[in-house]
Each structure stands twice: as C-alpha cells, then as structure tokens.
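Residue numbers (the UniProt record's numbering): 1 to 201. Idealized CB from N, CA, C, for every residue including glycine. All values reported here derive from a predicted model rather than from experimental measurement. Working notes, structure below.
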C-alpha cells in the first residue's frame, strides 16, 4: 500500500486552518493518531516529490498535521488541467496513480476532487489520463485505501450506470456517502477541537 496520496490545494480560500481540518478528515478514524495520509504538494518544480521523482508505488512521506500559518503554496489558483499535466510530467514513465485536489467548490461544499489513473479495457493497461469525481471529505480515506490495495474498483465508488464524461468526470455513488460511525465522527470532532484550541483549525 502507498505511504501517501498526493494532495494539491488550489483554492485561494483555503487557509492553513481549513487545510488542517481537511487533513484530519483524511485520517483513519478507526485508529488513534493515524492522521498522516496525504502528501501536500506545495511546489511546482520537478523535484517537488523528491530527487529523483518517486515511482507511484513509492510515494513521499505524508505531510505532518497540523500545517502552520506560514505555509507557502505555489498551486493556489491553479486549474485541474494544470495539476493533471504536472502529475503526468513529474514522472513520464510511471505517473502517480492517484491524487486529490481541493478547490474553491470543495471548500464550499466539503468535497475534494479524487483522481485515479484511467484503465483502458481494450489494451488492458493504465493510461496517463485520470478519472475524476467529487468525494465528501469523510469518505476519501476509505476510497483511497480500497482503491490503493485493489480491494475495490473505481466503479464501486461511482455511478457506473451514468459512467464518465469525455473529460473523465464521474459522479460519486450515493451508497458510499457518510460511512463514518457515530463513534468515528466523535473522534474526528475531538481532533478538530484540539487544533481549534491552538488556533490551527
């Protein structure tokens, strides 16, 4: 299983407090302290993920939670096309298989763009294009884990009947929404409250 999933924050409205809230939602609420899941990409250069860039199955370490107020982010204001292009180019031979993107819409409705490398059924190979859908914050961790280990496929989390459009956009399946138990939701609230006390959420 990958150590992390790449996270890009393009929303100008996303300050360090909101990013910390999102990162806590990405944690494993079934286990205590497992909050380091996403690697927040803040630079656009070729060495943003390491030197040399890592293979998709050897991702960089997750970003520590919380991030600080002086966070510098070169992706603010970028488009989804900018991010997709960079992810493809950072490793031409083997681009990262998944990434997350938090944009203005995601800030407003508490979703994130979840992207996974598209599989070509005809050639039986991965392409360098990505399927994408908007996923509620609380459901991202389960989706990432299951896709990463191959326990479930993209269609298991999306509306397979509607399928994807020409640009690879799918609709998140309603059956997968709000999977956290009351106990897990309470753990998440406690984690957020601790950061709020420190002025970090």
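Query: Only counting the same chain, and skipping five residues up and downstream in sequence, which positions put a Cβ closer than 7 Å to that of residue 88?; Result: 95, 128
Query: My parser needs the beta strand (DSSP E) runs of 3 or more residues fully inside the segment 43-115; what are they?; Result: 98-102
Query: Quick test of your reading: residue 159 and residue 173, contact by CB under 8 Å. State the CB separation rounded to the nearest angstrom.; Result: 6 Å
Query: Starting from the Cα of residue 79, find the closest Cα among 113, 108, 48 and give me that residue.; Result: 113
Query: Look at the alpha carbon of residue 20 and the alpha carbon of residue 103, and state the distance between them as a whole number of angstroms.; Result: 15 Å
Query: Can you tell me where the beta strand (DSSP E) holding residue 131 begins and where it ends?; Result: 125-136
Query: In whole angstroms, what is the alpha-carbon distance linking residue 24 and residue 71?; Result: 17 Å
Query: With a threshold of 7 Å, establish whether the CB of residue 17 neighbours any heavy atom of the ligand NAP.; Result: The model depicted lacks the ligand NAP and carries no ligand whatsoever.
Query: Give me the residue from 13, 5, 199, 22 with the minimum Cα distance to residue 110.; Result: 22
Query: Alpha carbon to alpha carbon, how far is residue 145 from residue 56? Give it in angstroms, no decimals.; Result: A caution first: residue 56 carries a pLDDT of 45, below 50, which makes its placement in the model unreliable, though a value can still be read off. For residue 56 and residue 145, the distance between alpha carbons rounds to 15 Å.
Query: Out of 198, 191, 97, state which residue places its alpha-carbon closest to the alpha-carbon of residue 28.; Result: 191
Query: Under 8 Å by Cβ, that's how I've got residue 98 and residue 116 pegged, so tell me the actual separation to the nearest angstrom.; Result: 5 Å
Query: Return helix, strand or coil for residue 41, following the three-state DSSP convention.; Result: coil
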